[in-house]
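Worksheet: one structure, shown below.
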Amino acid sequence: MDRDNKQATLELGTKPVGKLLLQYALPAIIAMTASSLYNIIDRIFIGHVVGAMAISGLAITFPFMNLSAAFGAAVGVGASTAISVKLGQRDYQTAIKLLGNTVTLNLLVGFVFAVVCLAFLDPILLFFGASLQTISYARDFMQVILAGNMITHMYFGMNAVLRSAGKPRQAMYSTIFTVVMNILLDVFFIFWWGWGIRGAALATIISQSLALIYQTHLLADKSQILHFKRNIYKLKTDLVKNILGIGISPFLMNVCACVVVIFMNNQFVKYGGDLSVGSYGIANAIGTVFVMFIMGVNQGMQPIAGYNYGSQQTDRLMRVLKLSILTATCIMTVGWLIAMFIPNFCARMFTTDDTLIRLSVKAIRINMLVFPVIGFQMVVTNFFQCIGKVRISIFLSLSRQLLFLLPLLAVLPNFFGVDGVWYSLPASDLTSAIVTAGIMFVFMSKFNKQLK
23 MDRDNKQATL ELGTKPVGKL LLQYALPAII AMTASSLYNI IDRIFIGHVV
73 GAMAISGLAI TFPFMNLSAA FGAAVGVGAS TAISVKLGQR DYQTAIKLLG
123 NTVTLNLLVG FVFAVVCLAF LDPILLFFGA SLQTISYARD FMQVILAGNM
173 ITHMYFGMNA VLRSAGKPRQ AMYSTIFTVV MNILLDVFFI FWWGWGIRGA
223 ALATIISQSL ALIYQTHLLA DKSQILHFKR NIYKLKTDLV KNILGIGISP
273 FLMNVCACVV VIFMNNQFVK YGGDLSVGSY GIANAIGTVF VMFIMGVNQG
323 MQPIAGYNYG SQQTDRLMRV LKLSILTATC IMTVGWLIAM FIPNFCARMF
373 TTDDTLIRLS VKAIRINMLV FPVIGFQMVV TNFFQCIGKV RISIFLSLSR
423 QLLFLLPLLA VLPNFFGVDG VWYSLPASDL TSAIVTAGIM FVFMSKFNKQ
473 LK
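For the sequence shown, position 197 matches number 219 in the working numbering, and the numbering has no gaps at all.
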């Protein structure tokens, strides 16, 4: 076993927490931001080359992407957390077996999801809020994306594993490569060859395929603690339960996001029309950049928190939590400032349609109205997942969307029309942050008593 690689893993329990968080979170932030950027770039190309209605058609695919991400997170996030804990406990053989089971689960889940969705694609898209004007764009995009769904699941799953294995930089390189390649292919497929929305989807799948080759090469190195080997791919009940038991929280969170976006799309079509769906697509793309920043912070925090929880170093565990919350709050405050002061610039990146720009400016401001409190809520939810408090994590994941947002989406539009749909978002964000703060206060009180 490579001595430097083992030392890189062991330093999760010894190196200063601030330096560790920077070391792990910065590559993850760059990677996650880059990941969101190629979605934005796809939409910019499509909006300017194909048209405003294509942006609305692409927004209809958000629930599909959320649903695919839900199954991917159930495996990828669950496996990476489980692997981090096993590495913290020096149980390297189980960590390697978890890697093998992660590969098998990703392939199975990716294949089944793609087959089922392709078989019922048009009815699903109509249910998601597509109209006769937007369904053709959504269909063209999703047919290609679903055909490569196994690759997508493996790509994101292996990136999560690389971070858990003490290779955050390599995970970052993989994502940055994917973004750069995606942009280059977009230029060829959309601008030069005129393949439109199908070209954008094909660029995504090809770039992820090339990155997956690089990830596979890294994990095939037998000198590393975590590496591919024979007889680790057969699914083991206890390992699968461990992976899915942890991954159930992000799975449910993404499923809820899917349900919410479906409901929102239908409400937008009902109260505002197809271009309102497009404005939500633009606002969501801008907001997602900053959400991805926080996901990067969470991914950086995850191996540190998982390792130190496994090795029972509670002081380091609390330190990384506090630093993560502070970082997330600062990031989301920057997002809020951009949304409040330069939303017009953001909207014009995607389209030249004056109506869509006007709708999008309002959408960006409302969607990001209470962003400064969202970072705290996301970090605390992830923290409970890292320390095995799965029920609390699931509740916090679901509270914003199921307990608060859906009822508001059902009620407010009846009184305020399309504005009611919009203001449901910041209202639910603020309420869930308050609930999260209350639960965290109770938990910390009990936790501090146990330490005394």
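Note that CB positions come from ideal geometry on N, CA and C, so glycine has one too.
Burial state of residue i (16 or more Cβ within 10 Å)
i, result
"I456", "exposed"
"N128", "buried"
"K263", "exposed"
"F213", "exposed"
"K251", "exposed"
"A81", "buried"
"R338", "buried"
"K256", "exposed"
"L241", "buried"
"P85", "buried"
"S454", "buried"
"N253", "exposed"
Selected residue, minimal CA-CA separation from residue i, among the options
i, options, result
"L34", "S419, F163, F149 and Q335", "Q335"
"L43", "A169, T197, F84 and T349", "T349"
"D451", "T55, L420 and K256", "L420"
"L266", "A104, A91 and S446", "A104"
"L109", "I461, Q324 and I388", "Q324"
"H249", "M314, M371 and A117", "A117"
"I388", "L48, S446 and A101", "S446"
"T458", "M400, G439, V433 and V201", "M400"
"L431", "L120, F417 and N287", "N287"
"G221", "M87, L234 and I205", "I205"
"R191", "S346, I51 and K292", "I51"
"K411", "G269, G40 and I66", "G269"
"P49", "R185, N470, M390 and F437", "R185"
"W444", "M390, I409 and F405", "M390"
"G294", "D243, Y236 and G151", "G151"
"M126", "V291, K471 and A101", "The sequence shown places Thr at residue 126, not Met. Cα-wise, what sits closest to T126 is A101."
"F469", "I386, M340, V356 and T351", "M340"
"M437", "Q289, A307, D243 and I284", "According to the sequence displayed, residue 437 carries Phe and not Met. Looking at the Cα atoms, Q289 is the closest of the given residues."
"K354", "I308, M371, F163 and Y329", "Note on identity: in this sequence residue 354 is Met, with Lys being the wrong assignment. Nearest C-alpha to M354: I308."
Same chain, Cβ closer than 7 Å to residue i, five either side skipped, listed in chain order
i, result
"F135", "S90, F93 and N171"
"A74", "L297, G300, T373, D375 and L378"
"V166", "R220, A223, L224 and I227"
Chain-order list of residues whose beta-carbon lies under 6 Å from that of residue i (same chain, five-residue window excluded)
i, result
"V392", "P448, D451 and L452"
"T36", "none"
"C278", "L420, Q423 and L424"
"S231", "I173"
"I198", "A56"
"M54", "M314, M317 and G318"
"L168", "A136, C139 and L140"
"N366", "V383"
"I157", "L147"
"S346", "V319, M323 and V401"
"G132", "N171, M172 and H175"
"D64", "A222"
8 Å Cβ shell around residue i - same chain, five flanking residues per side excluded
i, result
"I326", "L34, V39, L42, L43, Y46, R338 and V342"
"T482", "The structure shown does not extend to residue 482, since the chain is modelled only from 23 through 474, so no value can be given for it."
Alpha helix (DSSP H) runs wholly inside the segment 392-430, at least 4 long, in chain order: 393-408 and 412-420
What runs of the alpha helix (DSSP H), each 4 residues or longer, lie entirely inside the segment 172-211? 190-208
Please specify which runs of the alpha helix (DSSP H), each continuous and at least 4 residues long, are wholly inside the segment 57-120, giving them in chain order. Fully enclosed alpha helix (DSSP H) runs of 4 or longer: 74-82 and 84-110.
Going along the chain, which unbroken runs of the alpha helix (DSSP H) with 4 or more residues stay wholly within the segment 254-294? 259-293
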